[in-house]
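In our numbering, the protein residues as written are 12 to 362.
Glycine included, C-beta positions come from ideal geometry on N, C-alpha and C.
Everything numeric in this text was worked out from a predicted model, so none of it was measured.
As structure tokens, the structure follows; a few thoughts come after it.
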Ligand code: ADP
Ligand code: MG
């Protein structure tokens, strides 16, 4: 191998948004026949939004969202973000410790916050704004919607249960949110009605989590992610190069299948716990395959390191990037197909 040919490979890579950490990985990439793709954040945007709140019989949707939101404020997980954001943005609740914009004065159009100058009344309250017919003035006398709602309670004893969900104490309630398997650990099962609703919501491609507190199931929350617009094309390019794409995810079978169908992947390995992703890669290698893996999360790091070629989304976590041979700077899955093609071409030049 000439250093020049290798440099040409890495130089072209940089132009396409591929950062090459380990050039020796390109040698291994030549034989790649299988590409393992993480779902959330890799094939999909990884930005979830809350689409449904389903309370159990006798519970209210508001209480379910308020309690789940209060717990999930403490978690970084994309599902947690979606739930906490929906709760904070709900007109019924306000975030703990954060004053809504209307109180800080921004919503009244003041240049300075109300409390910046003690002893001076803000314009809206002192009456100067009263003659302008601005609907904002109502904010000075009538509490805005966000303040009229209950504040979200705080959470204590928060614990993230890797690959399963989260738990903590909210309003004196022992709350758990996540996969039904996590509820099982607390000896809480779904009622037949909730199980039916769970299956129905999942069949639409949403990811559904359950919430329980004080030993009983209280409802379900469905969040949905969107497939990246470039993912289907990327999978087609991988197939055109003779690669066998496999979707691997900690998410459940039904939403994983929905995403796989959308991008043209046949083989899905779902419900994989974070520490099991590496086992999936090892087993494929034991079958005699040469495996590339693309991922973005902390839970992908070990698998990325184990793969013959590990590719991290540049939009992902530092842990995933450190574990990988290549970084796809823009988080575009098509570039993973480019990287494999580029490595084959570079090696042709070398030989
Ligand atoms: P992925 O492999 O798709 O990135 P994870 O391993 O991070 O998924 O999570 C697997 C599953 O665990 C999620 O689909 C969800 O059901 C559950 N889960 C994990 N963390 C949370 C959380 N903070 N709140 C609710 N559910 C969670
Ligand atoms: Mg991920």
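| Check | Outcome |
| --- | --- |
| Proximity of residue 7 and residue 226 at Cβ, strictly below 8 Å | Missing from the structure shown is residue 7; the chain here goes from 12 to 362 and no further. |
| Inter-residue Cα distance where the pair is residue 259 and residue 190 | 17 Å |
| Contacts around residue 177, its chain only, beta-carbon distance under 8 Å, and the 5 residues preceding and following it disregarded | 82, 83, 85, 86, 88, 91, 169, 170, 171, 187, 188 and 189 |
| Any non-hydrogen atom of the ligand ZN within 7 Å of residue 190 CB | Questions concerning the ligand ZN fall outside what the structure shown contains, since the ligands it does hold are the ligand ADP and the ligand MG. |
| Exposure of residue 351, with buried meaning 16 or more beta-carbon neighbours within 10 Å | buried |
| Span of the alpha helix (DSSP H) around residue 90 | 89 to 100 |
| 7 Å Cβ shell around residue 341 - same chain, five flanking residues per side excluded | 28 and 325 |
| Residue closest to residue 95, alpha-carbon to alpha-carbon, out of 40, 55 and 164 | 164 |
| Limits of the beta strand (DSSP E) - the one that residue 223 falls within | 218 to 224 |
| contact_flag[the segment 203 to 216, the segment 292 to 312] where n(CB pairs < 8 Å) is 3 or more | no |
| Reference residue 241; option with closest CA among 39, 269, 313 and 55 | 55 |
| Any non-hydrogen atom of the ligand ADP within 7 Å of residue 65 CB | no |
| Supposed contact pair residue 104 and residue 66 - C-beta distance, whole angstroms, cut 8 Å | Wrong, their Cβ atoms sit about 15 Å apart, outside the cutoff. |
| Own chain residues within Cβ distance below 7 Å of residue 175, not counting five before or after | 189, 190, 192 and 193 |
| Short Cβ contact (8 Å threshold) for residue 44 with residue 254 | yes |
| Given residue 204 as reference, the closest of 217, 195 and 221 once Cα atoms are compared | 221 |
| For residue 232, the nearest candidate out of 57, 32, 40 and 64 (CA to CA) | 64 |
| The ligand ADP heavy atom lying under 7 Å from the CB of residue 50 | yes |
| Candidates 99, 256 and 252: closest to residue 356 by CA position | 252 |
| Terminal residues of the alpha helix (DSSP H) in which residue 283 lies | Premise fails: residue 283 is in no alpha helix (DSSP H) and is neither H nor E. |
| Whole-angstrom C-beta distance between residue 335 and residue 41, which should lie under 8 Å | About 18 Å; that fails the 8 Å criterion. |
| Identified DSSP bridge partners for residue 29 | 339 |
| Residue 291 beta carbon less than 8 Å from that of residue 314 | yes |
| Same chain, Cβ closer than 8 Å to residue 142, neighbours up to 5 away in sequence not counted | A caution first: residue 142 carries a pLDDT of 35, below 50, which makes its placement in the model too unreliable to give a value. |
| Three-way DSSP call (helix, strand, coil) for residue 179 in this model | strand |
| Simplified DSSP assignment, three categories, for residue 307 | coil |
| Buried or exposed by the 16-neighbour rule on C-beta atoms within 10 Å, applied to residue 348 | buried |
| Assumed close pair residue 236, residue 80 - CB separation to whole angstroms, cut-off 8 Å | Actually they do not touch by this definition, with Cβ atoms about 18 Å apart. |
| Through-space distance from residue 323 to residue 30, alpha-carbon basis | 10 Å |
| Among 269, 181 and 309, the one whose alpha carbon lies nearest that of residue 287 | 309 |
| Endpoints, beta strand (DSSP E) assigned at residue 233 | 227 to 235 |
| Sequence-distant residues of its chain with Cβ nearer than 6 Å to residue 284 (five each side left out) | 174 |
| Residue environment, residue 266, which counts as buried when at least 16 other CB atoms sit within 10 Å | buried |
| N-terminal and C-terminal residue of the alpha helix (DSSP H) that residue 167 is part of | Premise fails: residue 167 lies in the beta strand (DSSP E), 166 to 172, not in any alpha helix (DSSP H). |
| CB contact flag (residue 51, residue 262, <8 Å) | yes |
| Whole-angstrom distance between residue 337 and residue 99, CA atom to CA atom | 38 Å |
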